[in-house]
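Visitor: In my numbering, the protein residues as written are 28 to 435.
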């Protein structure tokens, strides 16, 4: 057995060997898939070492994984061994290359694993000597004493591959996580669509039935009429919740669709003013404060009306009678900042950091407050337009929601 603490310096390699290594380094810079990285390195390792076979081994905790190979006959591809039970593990643990002329004369070699193979001699080098993440093994079918040059080439190749292997592992893990997240999002979207469809069927029956019952119940007392009105309001609220669920699923899946058109701020605020009766019936004033000069923004009118509806609805819910809600607009360079302010109860500072979180309810339950998706959907709509949404609030003084839209 020979140990190589200091492999041959790179500058002492031959011109041809240096060119091969430089080409490998250049190609490694463009590879992301771990399989492609291993394929390139094993081919180069066999070319540079002149070996009859090469393995690419990765460390997995206390195991070593023979992840890839190129050889004249099968070796151990796909198999895993305890790190203390094989030469590749020894190389990783000791952070140094190993050269073995006769594998059956070395105590570190698990002979039973080698007998079915062609291997008589080998050289093994660590991938990243400081903290090895794997190793590269070269094998010969005839008893051979690998020279300093061959070991130096293998080590230089392993050093070149170290960063690429780490990046490949990270890329593979990221891709797996992304695919799992996409599958989960797709399943959730399909589930929400199915549930929404199944809810709409009985909801349609309820709505149709109440419309038919209306004329029949007209001659009856006011109590029966109130019950019918309650059913109608509940049906409308359920329909709104179904729409919220579908919007939430689309935002989460990144498939939220807009139909943006140029629209002046004056027109936008006039549409928002249609929400006035919602405030007036609670004894709350609604005031418009348009910008000094009119300007067009690019937006989906229906979706921005939904934003105003959600924000004004929240303001009405938390503003006592006699209060005031203001809708304002300010031009800021290439965007317009719109705001909905109220003189209501304000928001507790502990709630502000999670206010836009999914399915986040207010600390005190408010009848008819929904499932807690309103502000999350509002933020999703604004961000889909390329804008941002923020909130400023003071307990007992009121709250202001501000969002931006790009100018047309």
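For glycine and all other residues, C-beta sits at the position ideal for the given N, C-alpha and C.
Please classify residue 96: is it buried, with 16 or more other beta-carbons within 10 angstroms of its beta-carbon, or exposed?
Guide: Within the chain shown, residue 96 is the residue found at index 69, counting from 1. So residue 96 counts as buried.
Visitor: Keeping to the same chain, check which residues put their C-beta closer than 8 Å to that of residue 60; ignore five residues upstream and five downstream.
Guide: The residue you call residue 60 lines up with position 33 of the chain shown. The answer, listed in chain order, is 195, 198, 199.
Visitor: In whole angstroms, what is the alpha-carbon distance linking residue 324 and residue 228?
Guide: Indexing the chain shown from 1 puts residue 324 at position 297. Indexing the chain shown from 1 puts residue 228 at position 201. Whole-angstrom Cα-Cα distance: 38 Å.
Visitor: Return the CA-CA distance between residue 296 and residue 378, expressed in angstroms with no decimal places.
Guide: Translated into the one-based positions of the chain shown, residue 296 becomes position 269. Translated into the one-based positions of the chain shown, residue 378 becomes position 351. For residue 296 and residue 378, the distance between alpha carbons rounds to 29 Å.
Visitor: By DSSP, does residue 45 sit in helix, in strand, or in coil?
Guide: Along the chain shown, one-based indexing puts residue 45 at 18. Helix.
Visitor: Report the three-state DSSP secondary structure of residue 256 (helix, strand or coil).
Guide: Within the chain shown, the letter at position 229 stands for residue 256. Here residue 256 sits in helix by DSSP.
Visitor: Do you know whose CA, among 321, 359, 365, lies nearest residue 338's CA?
Guide: On the chain shown, position 311 is the one that residue 338 refers to. Selected option, being the one with the closest Cα: 365.
Visitor: How many angstroms separate the CA atom of residue 91 from the CA atom of residue 121?
Guide: In the chain shown, the residue the question calls residue 91 occupies position 64. In the chain shown, the residue the question calls residue 121 occupies position 94. Rounded to the nearest angstrom, the two C-alpha atoms are 14 Å apart.
Visitor: Need the endpoints of the alpha helix (DSSP H) that residue 322 sits in, please.
Guide: One-based indexing of the chain shown puts residue 322 at position 295. Neither: residue 322 is in no alpha helix (DSSP H) and is coded neither H nor E.
Visitor: Residue 157 to residue 119, Cα distance in whole Å?
Guide: Counting from one through the chain shown, the residue named residue 157 turns up at place 130. Counting from one through the chain shown, the residue named residue 119 turns up at place 92. For residue 157 and residue 119, the distance between alpha carbons rounds to 10 Å.
Visitor: Kindly give me the distance between the Cβ atoms of residue 415 and residue 428, rounded to whole angstroms, as I take these residues to be in contact under 8 Å.
Guide: What you label residue 415 is simply residue 388 of the chain shown in a count that begins at 1. What you label residue 428 is simply residue 401 of the chain shown in a count that begins at 1. At roughly 11 Å, the Cβ-Cβ gap does not stay under 8 Å, so residue 415 and residue 428 are not in contact.
Visitor: Name the one or two DSSP bridge partners that residue 74 has.
Guide: As a first step, residue 74 is located in the chain shown; it is residue number 47 there, counting from the start. For residue 74, which the question treats as bridged, DSSP gives no partner whatsoever.
Visitor: Determine the burial state of residue 406: buried for a count of at least 16 other Cβ atoms within 10 Å of its Cβ, exposed for fewer.
Guide: In the chain shown, residue 406 corresponds to position 379, counting from 1. So residue 406 counts as buried.
Visitor: Does the Cβ-Cβ distance between residue 178 and residue 126 come in under 8 Å?
Guide: One-based indexing of the chain shown puts residue 178 at position 151. One-based indexing of the chain shown puts residue 126 at position 99. Yes, the Cβ-Cβ distance between residue 178 and residue 126 is below 8 Å.
Visitor: Between the C-alpha atoms of residue 55 and residue 70, what's the straight-line distance to the nearest angstrom?
Guide: For the purposes of this step, residue 55 is taken as the residue at position 28 of the chain shown. For the purposes of this step, residue 70 is taken as the residue at position 43 of the chain shown. The alpha-carbon atoms of residue 55 and residue 70 are separated by roughly 13 Å.
Visitor: According to the neighbour-count rule (16 or more other Cβ atoms, all chains shown, within 10 Å of its Cβ), is residue 235 buried or exposed?
Guide: The residue labelled residue 235 in the question sits at position 208 within the chain shown. So residue 235 ends up on the exposed side.
Visitor: Do you know how far the Cα of residue 99 is from the Cα of residue 116?
Guide: Locating residue 116 in the chain shown gives position 89, counting from the first residue. Locating residue 99 in the chain shown gives position 72, counting from the first residue. About 23 Å.
Visitor: So, at 7 Å on beta carbons, what are the nonlocal neighbours of residue 310 in its own chain, with the 5 sequence-adjacent residues on each side left out?
Guide: Locating residue 310 in the chain shown gives position 283, counting from the first residue. Only 348, 349 meet the Cβ criterion.
Visitor: Rounding to the nearest angstrom, what Cα-Cα distance links residue 419 and residue 356 in this structure?
Guide: The residue you call residue 419 lines up with position 392 of the chain shown. The residue you call residue 356 lines up with position 329 of the chain shown. Near 16 Å, if we compare the C-alpha coordinates of residue 356 and residue 419.
Visitor: Please tell me whether residue 51 and residue 163 are closer than 8 Å, where the distance is taken between their beta carbons.
Guide: Here residue 51 is taken as the residue at index 24 of the chain shown, counted from 1. Here residue 163 is taken as the residue at index 136 of the chain shown, counted from 1. It is not a contact, given that the beta carbons lie outside the stated cut-off.
Visitor: Only counting the same chain, and skipping five residues up and downstream in sequence, which positions put a Cβ closer than 6 Å to that of residue 173?
Guide: Against the chain shown, residue 173 aligns to sequence position 146. Cβ within range, chain order: 126, 150.
Visitor: Once DSSP output is grouped into helix, strand and coil, what is the label at residue 422?
Guide: One-based indexing of the chain shown puts residue 422 at position 395. Residue 422: coil per DSSP, three-state reduction.
Visitor: With distances taken from CA atoms, which of 408, 346, 381 is nearest residue 425?
Guide: Your numbering for residue 425 matches position 398 in the chain shown. Residue 425 has its Cα closest to that of 346, out of 408, 346, 381.
Visitor: In whole angstroms, give me the CA-to-CA distance for residue 371 and residue 421.
Guide: Counting from one through the chain shown, the residue named residue 371 turns up at place 344. Counting from one through the chain shown, the residue named residue 421 turns up at place 394. For residue 371 and residue 421, the distance between alpha carbons rounds to 9 Å.
Visitor: By DSSP's criteria, residue 367 is part of a beta bridge. Which residues make up the other side?
Guide: For the purposes of this step, residue 367 is taken as residue 340 along the chain shown, with counting starting at 1. Residue 367 has 354, 428 as its beta-bridge partners, per DSSP.
Visitor: Can you tell me whether DSSP reads residue 314 as helix, strand or coil?
Guide: Against the chain shown, residue 314 aligns to sequence position 287. Note: residue 314 maps to strand in three-state DSSP.
Visitor: Compare the C-alpha of residue 351 against each of 152, 261, 313 and name the closest.
Guide: Mapped onto the chain shown, residue 351 falls at position 324. Ranked by Cα distance from residue 351, the options 152, 261, 313 are led by 313.
Visitor: Which residue comes first and which comes last in the alpha helix (DSSP H) that contains residue 160?
Guide: Stepping through the chain shown from its first residue, residue 160 is reached at position 133. First-last for residue 160: undefined, no H or E at that position.
Visitor: Roughly how many whole angstroms lie between the Cα atoms of residue 265 and residue 294?
Guide: Position 238 of the chain shown holds residue 265. Position 267 of the chain shown holds residue 294. Cα to Cα, the separation comes out at about 30 Å.
Visitor: Specify the secondary structure class of residue 87 as computed by DSSP and reduced to three states.
Guide: Locating residue 87 in the chain shown gives position 60, where the first residue counts as 1. Judged by DSSP in its simplified three-state form, residue 87 adopts strand.
Visitor: Identify the residues that DSSP records as bridge partners of residue 167: which are they?
Guide: The count along the chain shown starts at 1 and reaches residue 167 at position 140. Looking at the DSSP assignment, residue 167 forms a beta bridge with 148.
Visitor: Could you spell out the range, first to last residue, of the beta strand (DSSP E) harbouring residue 291?
Guide: As a working note, residue 291 is residue 264 in the chain shown. Where residue 291 is concerned, the enclosing beta strand (DSSP E) stretches over 288–291.
Visitor: Leaving out five residues on either side along the sequence, give the residues of the same chain with a beta carbon under 6 Å from the beta carbon of residue 454.
Guide: Because the chain in this structure spans residues 28 to 435, residue 454 falls outside the shown range and cannot be described.
Visitor: With a threshold of 6 Å on Cβ separation, who are the neighbours of residue 393 within its own chain once the five nearest residues in sequence on each side are excluded?
Guide: Walking along the chain shown from the start, residue 393 turns up at place 366. Residue placement at residue 393 cannot be trusted, given a pLDDT of 41 that sits under 50; what the coordinates show is reported in the next sentence. So the qualifying residues of the chain are 344.
Visitor: Can you check whether the CB of residue 335 is closer than 8 Å to the CB of residue 302?
Guide: Start at 1 with the first residue of the chain shown, and residue 302 comes out as number 275. Start at 1 with the first residue of the chain shown, and residue 335 comes out as number 308. In this structure, residue 335 lies closer than 8 Å to residue 302 by Cβ.
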